[in-house]
Amino acid sequence: MNIYQQITTEILNASHIVITSHKSPDGDSIGSSLGLLRFIEKLGKKAVICHPDVAPEFLSWLDSSAILLMTDQPAEVTAAFQQADLIFCLDYNGTDRIGADMQVLLEAATCQTIMIDHHLDPQDFPTLAVSDTTASSTAQLIVELIVESGHRDLLDEHIGTPLYLGILTDTGSFRFPSVQARTHELLAMLLSAGVKHHLIHEVLNDNNTASRLRLQGFAMSEKLEIMEDYHVAIIPLSKEELERYQYQKGDTDNLANLALSIKGMKAAIVFSERDGMIKISFRSKGQENPVNVLAAEHFDGGGHANAAGGMSELSVTETLEKIKGLIPSYFSN
7 MNIYQQITTE ILNASHIVIT SHKSPDGDSI GSSLGLLRFI EKLGKKAVIC
57 HPDVAPEFLS WLDSSAILLM TDQPAEVTAA FQQADLIFCL DYNGTDRIGA
107 DMQVLLEAAT CQTIMIDHHL DPQDFPTLAV SDTTASSTAQ LIVELIVESG
157 HRDLLDEHIG TPLYLGILTD TGSFRFPSVQ ARTHELLAML LSAGVKHHLI
207 HEVLNDNNTA SRLRLQGFAM SEKLEIMEDY HVAIIPLSKE ELERYQYQKG
257 DTDNLANLAL SIKGMKAAIV FSERDGMIKI SFRSKGQENP VNVLAAEHFD
307 GGGHANAAGG MSELSVTETL EKIKGLIPSY FSN
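Its first residue numbered 7, the sequence shown is counted upward by one per residue in this note's numbering.
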């Protein structure tokens with residue numbers, strides 16, 4: 007019995023299944039959660055998704071009515087954890103990634119926990135784990151679960167659409183080095199199952215608001231700084247600047263990739279003042295320019311070699327100076 011068959015057995019033996027993912031959800035965490043939920047339901051079992059907070063508006067086209075939010079429904083989330091006899095931990099490798107309130111619930115749980123994740127340096131907290139750092143996304147691993155457990159015949163458009171979304175968004179539309187031949191093999195299976203990939207691209211890319219585009223234009227024209235000697239682009243945004251352009255969650259998500267697209271750039275760093283702290287996105291190109299180490303060593307963060315996140319409790323100006331002071335140590339000129 008392979009590990010995916012073992013996981014399916016655990017699903018079939020469980021009565022109260024909870025699916026969790028990390029704080030500040032993205033396409034992969036939402037996509038893998040919904041894909042797994044729909045697979046579980048296809049197996050004839052019931053489950054509930056519990057997330058720490060709401061997803062960005064650009065993912066609102068997904069049917070997320072099955073997702074309970076700790077921020078909005080704490081009593082329901084608490085009850086789900088207390089009743090659970092199986093908890094899935096998707097797209098995170100440490101209990102601190104799901105927010106303090108849900109972390110308490112997870113660490114107090116005595117039932118089976120299954121981690122499915124692709125991030126580096128996983129903590130040893132789950133009962134069972136699929137931790138594959140070579141996978142493009144957690145959504146890819148959920149497709150692997152369905153296929154390798156012998157249930158490929160259950161794949162359909164309903165299950166496959168959020169999983170395609172997760173792979174699409176976590177690979178930068180299939181541009182990152184994490185995309186391998188196996189990724190495309192699994193994508194082909196999703197298309198064969200009825201997933202309409204062109205519609206997913208449309209709803210993701212053709213949903214800009216005027217304020218979002220104005221914010222991005224302001225960021226690129228007025229806030230962009232380029233450290234030419236090190237080929238690093240930096241964009242700092244203050245709380246006041248975000249408010250000026252009616253910032254909504256997700257409005258700055260593409261800025262780092264946009265800055266990285268500038269000819270000659272090795273890395274891009276975008277940070278903004280939100281929720282009482284500075285939130286930082288790091289992006290880079292090539293194995294020789296990892297950003298996860300910089301994020302982990304100086305900004306209480308981490309992630310993939312070419313895509314990481316972090317935070318700072320300094321001011322915008324102080325954070326900018328700190329980053330500019332660190333760049334020479336991490337990027338050659």
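Glycine included, C-beta positions come from ideal geometry on N, C-alpha and C.
How close, in whole Å, do the beta carbons of L243 and A225 come, if the pair is a contact with beta carbons under 8 Å?
-> To locate residue 243, count along the sequence shown from 1; it is residue 237. To locate residue 225, count along the sequence shown from 1; it is residue 219. So it is a contact: roughly 6 Å between Cβ atoms.
Per DSSP, what kind of secondary structure is S267 in: helix, strand or coil?
-> Translated into the one-based positions of the sequence shown, residue 267 becomes position 261. In this structure, S267 counts as coil in the three-state DSSP scheme.
Take the Cβ of F180 as the centre, count every other Cβ of all protein chains shown within 10 Å, and call the residue buried at 16 or more, exposed below.
-> Locating residue 180 in the sequence shown gives position 174, where the first residue counts as 1. Exposed, by the Cβ-count rule.
Return yes when at least one heavy atom of the ligand ATP lies under 7 Å from the C-beta of D281, else no.
-> Of ligands this structure carries none, so the ligand ATP is not represented either.
How big is the Cα-Cα spacing for D259 and A314?
-> Stepping through the sequence shown from its first residue, residue 259 is reached at position 253. Stepping through the sequence shown from its first residue, residue 314 is reached at position 308. One C-alpha to the other measures close to 12 Å.
By how many angstroms is the C-alpha of P31 removed from the C-alpha of L210?
-> Taking the first residue of the sequence shown as position 1, residue 210 is located at position 204. Taking the first residue of the sequence shown as position 1, residue 31 is located at position 25. Computed Cα separation, rounded: 15 Å.
Starting from K285, trace the beta strand (DSSP E) both ways and give me its first and last residue.
-> Working through the sequence shown from its first residue, we reach residue 285 at position 279. K285 -> beta strand (DSSP E) spans M283 to S290.
Inter-stretch contact at 8 Å, needing at least 3 Cβ pairs: the stretch 44 to 51 / the stretch 183 to 196 | no
In or out: H237 buried (at least 16 other Cβ within 10 Å) or exposed?
-> As a first step, residue 237 is located in the sequence shown; it is residue number 231 there, counting from the start. Classification for H237: buried.
Out of curiosity, what's the CA-to-CA distance linking D127 and N99?
-> Working through the sequence shown from its first residue, we reach residue 127 at position 121. Working through the sequence shown from its first residue, we reach residue 99 at position 93. Roughly 7 Å separates the two Cα atoms.
D159 versus S143: straight-line alpha-carbon distance, rounded | Position 153 of the sequence shown, counting from 1, holds the residue named residue 159. Position 137 of the sequence shown, counting from 1, holds the residue named residue 143. Cα to Cα, D159 sits roughly 22 Å from S143.
Give a yes or no on whether the C-beta atoms belonging to F94 and T167 are separated by under 8 Å.
-> Residue mapping note: residue 94 aligns to position 88 of the sequence shown, counting from 1. Residue mapping note: residue 167 aligns to position 161 of the sequence shown, counting from 1. No, Cβ-Cβ distance for F94 and T167 is not below 8 Å.
In the DSSP assignment, what residue or residues form a beta bridge with M121?
-> Residue mapping note: residue 121 aligns to position 115 of the sequence shown, counting from 1. Its beta-bridge partners are C95 and A135.
Going by the CB atoms, is the gap between N295 and G308 shorter than 8 Å?
-> As a working note, residue 308 is residue 302 in the sequence shown. As a working note, residue 295 is residue 289 in the sequence shown. Contact: no.
In terms of residue numbering, what span does the beta strand (DSSP E) encompassing H57 cover?
-> Residue numbering aside, residue 57 sits at position 51 when the sequence shown is read from its first letter. Here the beta strand (DSSP E) through H57 covers A53 to H57.
Taking A302 and F288 to be in contact with their CB atoms under 8 Å, please state how far apart those CB atoms are, rounded to whole angstroms.
-> Stepping through the sequence shown from its first residue, residue 302 is reached at position 296. Stepping through the sequence shown from its first residue, residue 288 is reached at position 282. Their Cβ separation, rounded to whole angstroms, is 10 Å, which puts A302 and F288 out of contact at 8 Å.
List the whole-angstrom C-beta distance separating E231 from I240, where the pair is believed to meet the contact cut-off of C-beta under 8 Å.
-> Here the question's residue 231 lines up with position 225 in the sequence shown. Here the question's residue 240 lines up with position 234 in the sequence shown. Yes, E231 and I240 are in contact; Cβ-Cβ is about 5 Å, under 8 Å.
Just list the alpha helix (DSSP H) runs in the stretch 184 to 209, keeping only unbroken ones of 4 residues or longer that don't cross its boundaries, in chain order.
-> 187 to 198
Presumed contact (8 Å Cβ cut-off) between D91 and S155, rounded CB distance | Here residue 91 refers to the residue found at position 85 when the sequence shown is read from its first residue. Here residue 155 refers to the residue found at position 149 when the sequence shown is read from its first residue. At roughly 19 Å, the Cβ-Cβ gap does not stay under 8 Å, so D91 and S155 are not in contact.
Opening and closing residue of the alpha helix (DSSP H) in which F87 lies | Counting from 1 along the sequence shown, the entry for residue 87 is found at position 81. Run containing F87: P80 to Q89, per the alpha helix (DSSP H) assignment.
Any idea what DSSP makes of E234, helix, strand or coil?
-> Taking the first residue of the sequence shown as position 1, residue 234 is located at position 228. E234: coil per DSSP, three-state reduction.
State yes or no: is the C-beta of H203 within less than 8 Å of the C-beta of Y170?
-> By 1-based counting over the sequence shown, the position of residue 203 is 197. By 1-based counting over the sequence shown, the position of residue 170 is 164. In contact: H203 and Y170 (Cβ atoms closer than 8 Å).
So, helix, strand or coil for P242, using DSSP?
-> The count along the sequence shown starts at 1 and reaches residue 242 at position 236. In the structure shown, P242 sits in a strand (DSSP, three-state: E or B).
Any idea what DSSP makes of G308, helix, strand or coil?
-> Counted from its first residue, the sequence shown places residue 308 at position 302. In the structure shown, G308 sits in a strand (DSSP, three-state: E or B).
Residue span of the alpha helix (DSSP H) that contains I148, given as start and end = Reading the sequence shown from its first residue, position 142 is the one you call residue 148. Counting along the chain, the alpha helix (DSSP H) containing I148 begins and ends at T144 to E154.
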